[in-house]
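Number of protein chains: 2
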Amino acid sequence: MENVSIIYGKNSVIEAMMSGTREFNRILISNTCRSDEKIDYIKKQAQSKGIVYQFVNKEKLNAAVPDANHQGVIAYLSPIKYTDLDDFIEKYSKELVSVVVLDGIEDSHNLGAIIRSAVCAGVKGIVLPSRRGVLVNSTVEKISAGAVNHIEIIKVNSIVNAIQRLKEKNYWVIAADHHAKDNYYSIDYTDINVALILGAEHAGVSKSLLKLSDFQVKIPMLTNFNSLNVSNAAAIILFEIVKQKMSVSK
Amino acid sequence: MENVSIIYGKNSVIEAMMSGTREFNRILISNTCRSDEKIDYIKKQAQSKGIVYQFVNKEKLNAAVPDANHQGVIAYLSPIKYTDLDDFIEKYSKELVSVVVLDGIEDSHNLGAIIRSAVCAGVKGIVLPSRRGVLVNSTVEKISAGAVNHIEIIKVNSIVNAIQRLKEKNYWVIAADHHAKDNYYSIDYTDINVALILGAEHAGVSKSLLKLSDFQVKIPMLTNFNSLNVSNAAAIILFEIVKQKMSVSK
Numbered sequence: 439m440e441n442v443s444i445i446y447g448k449n450s451v452i453e454a455m456m457s458g459t460r461e462f463n464r465i466l467i468s469n470t471c472r473s474d475e476k477i478d479y480i481k482k483q484a485q486s487k488g489i490v491y492q493f494v495n496k497e498k499l500n501a502a503v504p505d506a507n508h509q510g511v512i513a514y515l516s517p518i519k520y521t522d523l524d525d526f527i528e529k530y531s532k533e534l535v536s537v538v539v540l541d542g543i544e545d546s547h548n549l550g551a552i553i554r555s556a557v558c559a560g561v562k563g564i565v566l567p568s569r570r571g572v573l574v575n576s577t578v579e580k581i582s583a584g585a586v587n588h589i590e591i592i593k594v595n596s597i598v599n600a601i602q603r604l605k606e607k608n609y610w611v612i613a614a615d616h617h618a619k620d621n622y623y624s625i626d627y628t629d630i631n632v633a634l635i636l637g638a639e640h641a642g643v644s645k646s647l648l649k650l651s652d653f654q655v656k657i658p659m660l661t662n663f664n665s666l667n668v669s670n671a672a673a674i675i676l677f678e679i680v681k682q683k684m685s686v687s688k
Numbered sequence: 439m440e441n442v443s444i445i446y447g448k449n450s451v452i453e454a455m456m457s458g459t460r461e462f463n464r465i466l467i468s469n470t471c472r473s474d475e476k477i478d479y480i481k482k483q484a485q486s487k488g489i490v491y492q493f494v495n496k497e498k499l500n501a502a503v504p505d506a507n508h509q510g511v512i513a514y515l516s517p518i519k520y521t522d523l524d525d526f527i528e529k530y531s532k533e534l535v536s537v538v539v540l541d542g543i544e545d546s547h548n549l550g551a552i553i554r555s556a557v558c559a560g561v562k563g564i565v566l567p568s569r570r571g572v573l574v575n576s577t578v579e580k581i582s583a584g585a586v587n588h589i590e591i592i593k594v595n596s597i598v599n600a601i602q603r604l605k606e607k608n609y610w611v612i613a614a615d616h617h618a619k620d621n622y623y624s625i626d627y628t629d630i631n632v633a634l635i636l637g638a639e640h641a642g643v644s645k646s647l648l649k650l651s652d653f654q655v656k657i658p659m660l661t662n663f664n665s666l667n668v669s670n671a672a673a674i675i676l677f678e679i680v681k682q683k684m685s686v687s688k
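Residue numbers (our numbering), protein chains in the order written: chain A, 439 to 688; chain B, 439 to 688.
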């Protein structure tokens, strides 16, 4: 294990253990941490899987993840494995799937929240640019409530190239843009592969990506305070897709 | 001004200035903060409104709001004015409105994000319990992107009493609960006053409130990872209401 990630919080540690995709180095539990169901689960799982766990001073945890609400538990483990875009496309070539393409999200809370909603909405992949915006870090893992272990995270050098590749492979590209004419719920998502592009917190989706998109959609507001957080925008559109798919499958 | 709140970040300060409802004591700007449109706007507004602003060392800002991304600007100002529930009901007695009732939200990020989405969705009020969960603080103001200044924040001693009062006044009470049978989009929201109850992050909506509610609704998921963040759940339901209202008004 060359690279090591740190995750914190009971749910993050439990989800990473349950996923079976992460190699644990060790788990540190604060010796002032009260035993509860979750802590007991972590200890039992660690024992059965041969993962070392130690009780340490709370200060050691505070130092390892400063300013973070670690709830008395942190783990050192192998980082998330990023997926190659072509491998992803090949893996899901036999079914209709949705991916979320993030054009430079900067805030770890937003990335974690989007991944969490995406997993709930049955999205199979998240596409991230390797050099702009945030990647999966400890905060993203925590905020995602462990959802990072239930979805393919695809890191690409160029979002433009990734979108072109997805289009070649029969994905319909839908960009969220508050200047768009169409409402997000005017699209029929039930019979297509969806690549939903969401832009960075301030800049939105870049012009080159808007040009490449098949549809541009907005979320209409009932006030002039037109300033939806990007993770909430993602949730609104993704659950419109869920709703349409559930209505069809009835 | 007996009580003083601190807000931080360019947008929070601008929104509070524009709202006209807050009394500013003074604004501190970091002397290493680069001038940009927003900083210029803050300075001009301060000059025209007679608000004192000072350039200070960044360390002074760091000390005032530790661990916060203040973007080089903080302001000391009068706290948010909480609204009385009966005053709110009276004020909006002539129109159909929505309120969001929060049953003990603990995380400032979640409260800020819910307020932000609520304002975008045209919600007129947020009901908070005075003694459980978080109230409006600096982080809530920042995460709300200033939305706290565009909605009535109603603080009540008892959420149960508040719900009973809303019911008497012809509000339909809808509780989000992931055990519910009905889906959130099966309700017709277009012709009613809505009181949408969302529960605390872990506990959900309490049983006494579920009993009082007219409808209980769930957000159906496409996976077993049934763990939507409360602010994203709020956004999904609130924008279903927006969508229905926009469809009717056409």
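Here a beta-carbon is modelled for each residue, glycine too, at the ideal position from N, C-alpha and C.
**Asked** Which whole-angstrom value describes the C-beta separation of valine 537/A and lysine 562/A, a residue pair presumed to lie in contact below a C-beta threshold of 8 Å?
**Response** For a cut-off of 8 Å, the C-beta gap from valine 537/A to lysine 562/A is around 6 Å, short enough to register as a contact.
**Message:** Determine whether the beta carbon atoms of glycine 637/B and aspartate 541/B lie at a separation below 8 Å.
**Reply:** Yes.
**Item:** Supposed contact pair glutamate 453/B and asparagine 714/B - C-beta distance, whole angstroms, cut 8 Å
**Value:** Residue 714/B lies beyond the residue range present for chain B, which begins at 439 and ends at 688; the question has no answer from this structure.
**Message:** Just to make sure I have the definition right: I need the residues of chain B whose C-beta is within less than 7 Å of the C-beta of tyrosine 609/A. Which are they?
**Reply:** Under the 7 Å cutoff, chain B gives no residues; its nearest Cβ is about 18 Å from tyrosine 609/A.
**Under 8 Å between C-beta atoms of glutamate 579/B and serine 450/B** = Cβ distance < 8 Å, so glutamate 579/B and serine 450/B count as in contact.
**Prompt:** Which residues in the same chain have their Cβ closer than 8 Å to the Cβ of tryptophan 610/B, if we skip the five residues on either side of it in sequence?
**Reply:** The residues are Ile630, Asn631, Val632, Ala633, Asp652 and Phe653.
**For arginine 464/A: DSSP bridge partner residues** = In the DSSP output, where bridge partners are listed per residue, arginine 464/A has Val490/A and Tyr514/A.
**Request:** Check each residue of the stretch 462 to 475 of chain B: if its Cβ is closer than 9 Å to any Cβ of chain A, include it; give the result in chain order.
**Result:** Here the close residues number zero.
**Request:** Could you pull out every residue in the same chain whose Cβ sits closer than 8 Å to the Cβ of isoleucine 480/A, ignoring the five residues on either side in sequence?
**Result:** Apart from the 5 residues on each side of it in sequence, isoleucine 480/A sits with its Cβ closer than 8 Å to the Cβ of Lys448, Val451, Ile452, Met455, Ile465, Ile467, Tyr491 and Val511 in its chain, given in chain order.
**Asked** Whole-angstrom Cβ separation of lysine 656/B and tyrosine 622/B, contact assumed at under 8 Å?
**Response** So it is a contact: roughly 7 Å between Cβ atoms.
**Three-state secondary structure assigned by DSSP to aspartate 525/A** = Here DSSP, grouped into helix, strand and coil, assigns aspartate 525/A to helix.
**Request:** Starting from the C-beta of glycine 458/B, find all residues in its chain whose C-beta is less than 7 Å away, skip the five residues before and the five after it, and write them out in chain order.
**Result:** Nothing listed; no residue qualifies.
**Prompt:** Hey, quick one: how far does the alpha helix (DSSP H) through glutamate 579/B stretch, first residue to last?
**Reply:** Glutamate 579/B -> alpha helix (DSSP H) spans 576 to 581.
**Asked** Going by the CB atoms, is the gap between leucine 650/A and valine 598/A shorter than 8 Å?
**Response** In contact: valine 598/A and leucine 650/A (Cβ atoms closer than 8 Å).
**Message:** Assuming the contact rule is C-beta atoms closer than 8 Å, lysine 607/A and isoleucine 527/A should be a hit. Round their C-beta distance to whole Å, please.
**Reply:** Lysine 607/A to isoleucine 527/A, Cβ: 5 Å. Contact.
**Asked** Would you call glutamate 475/A buried or exposed, if buried means 16 or more other Cβ atoms sit within 10 Å of its Cβ?
**Response** Under a 10 Å Cβ-count criterion, glutamate 475/A is classified as exposed, with fewer than 16 other Cβ atoms of the shown protein chains found around its own Cβ.
**Prompt:** Is glutamate 590/A closer than 8 Å to threonine 661/A when the C-beta atoms are compared?
**Reply:** Inclusion of threonine 661/A and glutamate 590/A in the CB contact set at 8 Å is not warranted, their separation being larger than that value.
**Message:** Does the CB of tyrosine 503/A have a neighbour CB from chain B at under 8 Å?
**Reply:** The question names tyrosine, but residue 503/A is valine in the sequence shown. It does not; no Cβ of chain B falls within 8 Å.
**Prompt:** Secondary structure at serine 450/B, three-state DSSP: helix, strand or coil?
**Reply:** Helix, per DSSP.
**Message:** If I measure Cβ to Cβ from glutamate 440/B and keep anything under 8 Å in the same chain, skipping five residues before and after, which residues do I get?
**Reply:** Model confidence at glutamate 440/B stands at a pLDDT of 48, short of 50, so the residue's coordinates are unreliable; what they give is reported in the following sentence. Listed in chain order, the non-local C-beta contacts of glutamate 440/B below 8 Å within the same chain number zero, local neighbours out to five positions each way being set aside.
**Asked** Is it buried or exposed for arginine 554/B, if we count other Cβ within 10 angstroms and need 16 for buried?
**Response** Looking at its Cβ environment, which holds 16 or more other Cβ atoms inside 10 Å, arginine 554/B is buried.
**Prompt:** What's the gap between the Cα of alanine 585/A and the Cα of asparagine 548/B?
**Reply:** Roughly 18 Å between the two C-alpha positions.
**Item:** Per-residue burial, valine 442/A [other beta carbons within 10 Å of its own, 16 or more giving buried]
**Value:** Exposed: under 16 other Cβ atoms inside 10 Å.
**Message:** On the CB-based measure, 16 or more other CB atoms within 10 Å of its CB, does aspartate 478/A come out buried or exposed?
**Reply:** Aspartate 478/A counts as exposed, since fewer than 16 other beta carbons sit within 10 angstroms of its beta carbon.
**Request:** May I have the straight-line CA-CA distance separating phenylalanine 677/B from phenylalanine 677/A, to the nearest angstrom?
**Result:** If you draw a straight line from the Cα of phenylalanine 677/B to the Cα of phenylalanine 677/A, it is about 10 Å long.
**Message:** Please report the distance separating the alpha-carbon of histidine 616/B from that of tyrosine 627/B.
**Reply:** Take the alpha-carbon of histidine 616/B and the one of tyrosine 627/B: they are about 19 Å apart.
**Request:** Please report the Cβ distance between isoleucine 444/A and alanine 502/A, rounded to the nearest whole angstrom; I am assuming they are in contact, meaning their Cβ atoms lie under 8 Å.
**Result:** Yes, isoleucine 444/A and alanine 502/A are in contact; Cβ-Cβ is about 6 Å, under 8 Å.
**Helix, strand or coil at leucine 566/B according to DSSP, with G and I counted as helix** = Three-state result, leucine 566/B: strand.
**Request:** Name, in chain order, the residues that DSSP records as bridge partners for glutamine 654/A.
**Result:** Bridge partners of glutamine 654/A: Ala613/A.
**Asked** Candidates Tyr446/A, Ser473/A, Asn469/A and Ser516/A: which alpha carbon is nearest glutamate 461/A's?
**Response** For the set Tyr446/A, Ser473/A, Asn469/A and Ser516/A, the Cα lying nearest the Cα of glutamate 461/A is the one of Ser516/A.
**Asked** Is the beta carbon of valine 668/B sitting closer than 8 Å to the one on isoleucine 601/B?
**Response** No; because the gap between Cβ atoms is not below 8 Å, this pair is not in contact.
**Item:** Contacts of threonine 661/A in chain B (Cβ-Cβ under 7 Å)
**Value:** Result: Val557, Cys558 and Gly560.
**Item:** For serine 546/B, the first and last residue of its enclosing alpha helix (DSSP H)
**Value:** In the DSSP assignment, serine 546/B falls within the unbroken alpha helix (DSSP H) covering 546 to 558.
**Prompt:** Looking at aspartate 626/B and the ligand GTP, is the gap between the Cβ and the nearest heavy atom below 7 Å?
**Reply:** For the structure depicted, the ligand GTP is absent and the ligand set is empty, with no information on it obtainable.
**Asked** In whole angstroms, what separates the C-alpha of proline 567/B from that of isoleucine 612/B?
**Response** Taking the CA atoms as reference points, proline 567/B sits about 18 Å from isoleucine 612/B.
**Asked** Three-state secondary structure (DSSP) at alanine 633/A?
**Response** Correct three-state label for alanine 633/A: strand.
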